[in-house]
Each structure stands twice: as structure tokens, then as C-alpha cells.
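Undergrad: Starting off with a structure, shown below.
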Ligand code: HEM
């Protein structure tokens, strides 16, 4: 995902090929609101290929141990038993206060308003530090938690190199130790009600919450700054801008599914083993659900948003993410970040599914 503007392409997909087999990619591609919804709500479409529940390169390693237990990477009974425990922990977060405090502390530590090259550091550290702080991590450990979360995310990325996986393993060990020492990570066995009776499941999933928060929320902060640079009249309406950025310039552009049994899905015949690229960012731009979808309009009523997923795996962290992004952007603006030149310096970090602007390169 490095294209400066993938949206005209997505809009053509929605109009002309809402669900088609792409022989170059070797996958189905779903882009319209109807096709994306049909696939994400179909229990025959799984988050992992049946034959490879954990990516081969991660099997038998600490990174793979976490991966195999994540609510994000499991379906069926295991997913159903873990998700309520993850959701209830996130609902208990006092996110507004902590997000504002961390944002102010990081602005002070990094002074990103004086050098746009430091904005990325700010955008990546803020979500990880805010979430770690909410989980009860002591303040002096927050910078290293953020760094290790970044390393673990690198190991999970499709096509991660052997070096990134080795770094991720070391980060995984540190993060698991830290989570075990927190009140939220202790005695997990009883509190999860986990049908699979896996004592490490909640510890892995608390670590997973850090992972899930990281890239996407950094992307949301960066893309909101860009939107504000382009729409100077909206600088006092940061919360509304964040919500429209979520739809208009989705920080998670796509997700994947893998078909578990032959059948008709989204109106086409699919075979067990088929892979599907589900283009969430295109569905947000489907005129059938969001009229005049290319317009950046913070006053949209009833916008349909696919960025946080749909169906059983929908993101439980949407409010946490938007609250952190609002706090981060407001702290930068209050510190005097000059927004005007930002759009001219932007590039996008290479990633299979996240859209993360980098500034000042
Ligand atoms: C802008 C920021 C974020 C975006 C765009 C985002 C997007 C998503 C999407 C699209 C999924 C579903 C993937 C799929 O169905 O294949 C997901 C799942 C998940 N997200 Fe987020 N997320 C964000 C931030 C967060 C945060 C801050 C947290 C936690 C604090 C979080 C926790 C989770 C978890 C635990 C799942 C797995 C849910 C499941 O599989 O049932 N996310 N997220």
C-alpha cells in the first residue's frame, strides 16, 4: 500500500468488478459494500487458510505462539469464547483521560511540531503507549513497550524476513513477560471462560491488543493531519474530521478471508482453499451506501463505514482508536504544529494492508 491515491482504482472496481477473480493476484477481490458484507458475514470465509492456521515461518516460535491464540486469527468456538473477554476489557478503559495525558507527554518528549520527520515516531508511539498505560504498564516501561510492539507487528507482517521474525520473537518474550506481570494478565484462565482451556490465551490476547492498536491508529493520526492540512476550515472540528477520515481514507485498506468449503458466496461459486482480498477502503467509497463518496464531508448522515470490519471479527477497538487519534491530533495542533506544508512531504509506508503516511522524508 504505497499508492498516493488508490481511490480512483477502487471506485472503478466497485462500479465494474465488485467481486471478481484476479488471476494475477491468485485471489478473489471483493470491493462493493454488498460483496464485502457478504464475505465478512459468511462463516465459510475464515481468517486463516484451514491448512495453515499459523504462518509456516512463525510455527514453533514465540511469535507463532501469540499468533495462534489471537482472537483476530481464530474462528468458530475459540473465537466466540475469547472475543467477549477482549471486548469487556476494552470497554472498561478510561481512554479519554489516558489518551490526552499520553499525547501531551509525547508532544513534550518528542517535540514533533518542530520537525515533521518526528511525527511518525509520535503517531506510532502514542497508540502503543496509551493502550499499554490503560493495561497498567508502568510509565517508565512505555517507550520500550511501544518499540517492542513495533517489532512484533513486523514479525506478523506477511512476507516478514528472518531478521524481522527474530526481532519479533525477542519482543514477544518481553511483552508476554510484561503482560503476565500486569493485573490484567494474571489469572487469565478463570476469567476468559475460554472453551479451549488455554491458560495463555488471555495473555496472548492482551499482547494482541497492543499489536492491533499499533499500525492502524498511527495511520489514522497521520491521515487526519493530512485531511486538516487540506481543509483548513475544519481545524476546530477534529473529532468529526477523524470520523470522516476513517471512511474516506481508511487506515486499514483491506483484510483477507480463506474459503473453508465449496459453495456459492457473494453470488459466485468459490472453492475450498480460495483466498479473498476484501477491500474495505473501496466499500467505504461505494455510492450505493455513501452518496458522492469521494467528497470529504464531515456532515454525512448515516455514513456506512467498513474500515473497522463487519460481522463476527469486527474491530472492538474502534472507540479506543478514534479517541487516541483525536487526542493526538489536538495535542499537536495545540503545540503549534504547522499543518500547511505537510501534504507536500508525504510518502506512504510499504504495507500489505495499512495506509500510513510518513512526513518530512
Ligand atoms: C484506526 C485504528 C484501527 C482500525 C482501522 C482497525 C481495524 C480493524 C479491522 C478491519 C479488524 C477486523 C479484521 C478482519 O475482520 O479481518 C480489526 C480487528 C480487531 N481490532 Fe482493530 N482496528 C483499529 C484499532 C484497534 C485498536 C486501538 C484496538 C484495541 C485497543 C483494536 C483491536 C482489535 C481486535 C482485538 C481485533 C480482532 C477482533 C476479532 O477478530 O474478532 N483495533 N480491527
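In the working numbering, the protein residues as written are 261 to 621. The beta carbon of each residue, even a glycine, is placed where N, CA and C say it ideally should be.
1) Going by DSSP in three states, residue 420 sits in which element: helix, strand or coil?
2) How big is the Cα-Cα spacing for residue 429 and residue 412?
3) Does the distance from the C-beta atom of residue 308 to that of residue 333 stay below 8 Å?
4) Mind reading off the beta-carbon distance from residue 339 to residue 572? Whole number of angstroms is fine, and I expect it under 8 Å.
5) Determine the DSSP secondary structure at residue 603, reduced to helix, strand or coil.
6) So who's on the other strand from residue 280, going by DSSP bridges?
7) Within 10 Å of its beta-carbon, does residue 448 have 16 or more other beta-carbons around it, so buried, or fewer, so exposed?
8) Does DSSP put residue 549 in a helix, a strand or coil?
9) Report all residues from its chain with a CB closer than 7 Å to the CB of residue 490; omit the five preceding and five following residues, and keep chain order.
10) Helix, strand or coil for residue 460? Go by DSSP, reduced to three states.
11) When the Cα atoms are used, what is the spatial distance from residue 355 to residue 361?
12) To the nearest angstrom, report how far apart residue 350 and residue 511 are at their CA atoms.
13) Do residue 327 and ligand 3 come close, with the Cβ less than 7 Å from some heavy atom?
14) Please indicate yes or no: does the CB of residue 332 lie closer than 7 Å to some heavy atom of ligand 1?
15) Determine the direct distance from the alpha carbon of residue 419 to that of residue 538, and round the result to whole angstroms.
16) Check whether the region 511-531 and the region 601-617 touch, using three or more Cβ-Cβ pairs below 8 Å as the test.
17) Taking the straight line between their C-alpha atoms, what separation do you get for residue 618 and residue 548?
18) Taking residue 474 as the reference, which of 461, 405, 270 and 264 has the closest Cα?
19) Between residue 329 and the rest of its own chain, which residues show a CB-CB distance below 7 Å, the 5 nearest in sequence each way excluded?
20) Might you give, ordered along the chain, the residues of its own chain that have their beta carbon closer than 6 Å to the beta carbon of residue 530, omitting 5 neighbours on each side?
21) Answer yes if the region 586-602 comes into contact with the region 476-487, meaning at least three C-beta pairs across the two stretches below 8 Å, and no otherwise.
22) Could you tell me the alpha carbon to alpha carbon distance between residue 440 and residue 395, rounded to whole angstroms?
23) Spatial neighbours of residue 296 within its chain, please: C-beta separation below 6 Å, excluding the five flanking residues on both sides.
TA: Based on what the coordinates show:
1) coil
2) Each residue's Cα considered, the two are about 7 Å apart.
3) yes
4) 7 Å
5) helix
6) 289
7) Per-residue confidence for residue 448 stands at a pLDDT of 46, beneath the threshold of 50, marking its modelled position as unreliable; the derived number appears in the next sentence. Buried, since its Cβ has 16 or more Cβ neighbours within 10 Å.
8) Here residue 549 carries a coil assignment [DSSP, helix/strand/coil].
9) 603
10) coil
11) Using only the alpha carbons, I get a separation of about 10 Å.
12) 20 Å
13) Absence of ligand 3 is noted for the structure shown, with ligand 1 being the only ligands found.
14) Yes, since a heavy atom of ligand 1 falls inside the 7 Å radius drawn around the Cβ of residue 332.
15) 19 Å
16) Contact between the region 511-531 and the region 601-617 is present: three or more C-beta pairs spanning the two stretches fall below 8 Å.
17) Cα to Cα, residue 618 sits roughly 32 Å from residue 548.
18) 405
19) 458, 460, 461, 464 and 465
20) If we look at residue 530 and ignore the five residues flanking it on each side, its Cβ neighbours are 519.
21) yes
22) 11 Å
23) Within the same chain, residue 296 has close Cβ partners 290, 538, 543 and 566.
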